[in-house]
Amino acid sequence: MRPHARSRSLPPEGAQDALGRPGGVLDRRLALIGLAALTGCGFALRREPELPFKTLALTGFGADSPLALGLKRQIKRTPVQVLDDPARAQVVLEALDEQRDRSVVASTSVGQVREFQLRLRFDYLVRTAEGELLVPKVELRLVRDMNYTETAALAKEQEAANLYSAMHSDAIAQVMRRLAAIRLPG
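Going by the numbering used here, the sequence shown runs without a break in its numbering and finishes at 350.
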C-alpha cells in the first residue's frame, strides 16, 4: 500500500453498533428519518411554474431587451410556445416601460461618488389577444445600492453589470410567478 493512500476498514463480520444492532443499521435509520423530516416539512426543489396557457406573445420590448431575452429563455423551459404574432397567442405580455438608471446616493465633501443606487423599472400588463385584461398594469421596481471608489472604477462597472443582471433575474422570476397565477376566461 502506498504511504499516502487512505483505506477505510470495514467493520468486522458480526460487529454491532452501540445499541447491539448489526453495523450501520442505526446510521441508515437516522439518515432515513432525516430524509423523512425534510419531505414532511414541505421542502421541495424549486421548479419552473406551470403556466395555464399554451401560447404567449411578448410585445412592447426593445430589440435588445435583457428582460425579453430572459423571459423567452425561461418560457422555453415550459411547454408554452412563444409566438411573434400577438393576434394568434392566447396570452399577450405587453411591456409598457422598461428602464435602468443609476443615481448618486452619497458623495464626499470634494464631490467624489461613494455610493450609487441602481434601479430597474418594468411596467407591464397581461391581456388576451382580443384585448381582455388578465393582469392590470404592474409596476415592478427593483433597487440595489452599490459602494463606489474611483480607484476601482472598472471593477465597479462589472459589479454594476452583475447587479443589473441579478435584478433582471429577479424581475423575470416575479413575472413568471404572475403568469402562472393567470386564470383564462371561459
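All residues carry an ideal CB built from backbone N, CA and C; glycine is no exception. None of these values were measured; they are calculated from a predicted model.
### Message
What residue range does the alpha helix (DSSP H) around residue 229 cover?
### Response
Here residue 229 refers to the residue found at position 65 of the sequence shown. No alpha helix (DSSP H) contains residue 229, which DSSP labels as neither H nor E.
### Task
Compute the beta-carbon to beta-carbon distance between residue 222 and residue 246, rounded to the nearest angstrom, for a pair I have assumed lies under 8 angstroms.
Taking the first residue of the sequence shown as position 1, residue 222 is located at position 58. Taking the first residue of the sequence shown as position 1, residue 246 is located at position 82. Yes, they are in contact, since the Cβ atoms of residue 222 and residue 246 sit about 7 angstroms apart, within 8 angstroms.
### Task
Taking 8 angstroms as the threshold, find out whether the segment 270-287 comes into contact with the segment 301-313 through three or more Cβ pairs.
yes
### Query
Over what stretch of residues does the beta strand (DSSP E) that includes residue 297 continue unbroken?
For the purposes of this step, residue 297 is taken as residue 133 along the sequence shown, with counting starting at 1. 297-311 is the span of the beta strand (DSSP E), which, as asked, contains residue 297.
### Task
At 4 residues or longer, and completely inside the segment 216-298: list those alpha helix (DSSP H) runs for me, N to C.
230-239
### residue 234 and residue 332 closer than 9 angstroms at C-beta
Position 70 of the sequence shown, counted from the first residue, corresponds to residue 234. Position 168 of the sequence shown, counted from the first residue, corresponds to residue 332. For residue 234 and residue 332, yes; Cβs fall inside 9 angstroms.
### Message
Looking at the ligand ADP, does it come within less than 8 angstroms of residue 340, judged from the CB to the closest heavy atom?
### Response
Among the components of this structure there are no ligands whatsoever, and the ligand ADP is therefore not found.
### Message
Using a 10 Å radius around the Cβ and a threshold of 16 neighbouring Cβ atoms, would you call residue 260 buried or exposed?
### Response
To locate residue 260, count along the sequence shown from 1; it is residue 96. The residue in question, residue 260, is exposed, as its Cβ has fewer than 16 Cβ neighbours within 10 Å.
### Query
Where does residue 200 land, buried or exposed, given buried means 16+ other C-beta within 10 angstroms?
On the sequence shown, residue 200 is found 36 positions in, with the first residue counted as 1. Result: exposed.
### residue 294 versus 242, 317, 349, residue with shortest Cα-Cα distance
As a first step, residue 294 is located in the sequence shown; it is residue number 130 there, counting from the start. Considering only alpha carbons, the answer is 349.
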